[in-house]
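In our numbering, the protein residues as written are -15 to 164.
Written as structure tokens, this is what we have:
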């Protein structure tokens, strides 16, 4: 990647982020390693206060649609994610990830949708599955059905669940609790 790369962060915009395994090595080509990645992403989501809007884990790279973190910088969050995965997966290799990451600011809803579609179609284009819903290492299933995975995806489904949890009705005891 170019050394003169200019990043536009702390703008309040979402980010389309891509990073690759070192020399495109298939670090994430097996289910257990993808689970490790997802667990690390959820840890980073919580600790940095990120909202993950979309993701796909491919055998040798990752695409994320994320907010800016509430704590720390985007660069610190990505570094923590990469280091956490590398510590759990490294086996005799000195490098796991390419040093840099690609970051594209999502300046409009149209760009957000374009990148989300790109993420969800990536496994199909690569021939890893026939339909986006067949690749379980993507946020597509969450958007299609509301299914919760290991990583909390910020979507209408998530917002609706949060609203229901905070509604006055949810704070009242259930009728079965009152009969005791």
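Glycine residues also receive a C-beta, built at the ideal position from the N, C-alpha and C atoms.
Subject >> Rounded C-alpha distance that separates residue 81 from residue 56 >> reply: The residue you call residue 81 lines up with position 97 of the chain shown. The residue you call residue 56 lines up with position 72 of the chain shown. The alpha-carbon atoms of residue 81 and residue 56 are separated by roughly 21 Å.
**OP:** Enumerate in chain order the residues of its own chain whose CB-to-CB distance from residue 42 is below 6 Å, with the five nearest sequence positions on each side excluded.
**Re:** Against the chain shown, residue 42 aligns to sequence position 58. Result list for residue 42: empty, nothing under 6 Å.
**OP:** Report the partner residues of residue 4 according to the DSSP bridge assignment.
**Re:** Residue 4 sits at position 20 when you count from the first residue of the chain shown. Beta-bridge analysis with DSSP links residue 4 to 45.
**OP:** List the DSSP bridge partners of residue 50.
**Re:** For the purposes of this step, residue 50 is taken as residue 66 along the chain shown, with counting starting at 1. In DSSP, residue 50 forms a bridge with -1 and 36.
Original post:
For the 8 Å Cβ check, are there 3 or more pairs between the region 129 to 137 and the region 28 to 44?
Top reply: Result yes; three or more Cβ-Cβ pairs closer than 8 Å.
Subject >> Close beta carbons around residue 24, own chain, < 8 Å, minus the five adjacent residues each side >> reply: In the chain shown, the residue the question calls residue 24 occupies position 40. Answer for residue 24: 65, 68, 69 and 72, listed in chain order.
Original post:
Which residue from 45, 30, 44 and 47 puts its Cα closest to that of residue 54?
Top reply: Stepping through the chain shown from its first residue, residue 54 is reached at position 70. Ranking 45, 30, 44 and 47 by Cα distance to residue 54 puts 30 first.
**OP:** In angstroms with no decimal places, state the Cα-to-Cα distance between residue 101 and residue 59.
**Re:** In the chain shown, counting from the first residue as 1, residue 101 sits at position 117. In the chain shown, counting from the first residue as 1, residue 59 sits at position 75. Cα to Cα, the separation comes out at about 24 Å.
Subject >> Where residue -2 falls, given that 16 or more other Cβ within 10 Å makes a residue buried >> reply: Stepping through the chain shown from its first residue, residue -2 is reached at position 14. By the 10 Å Cβ count, residue -2 comes out buried.
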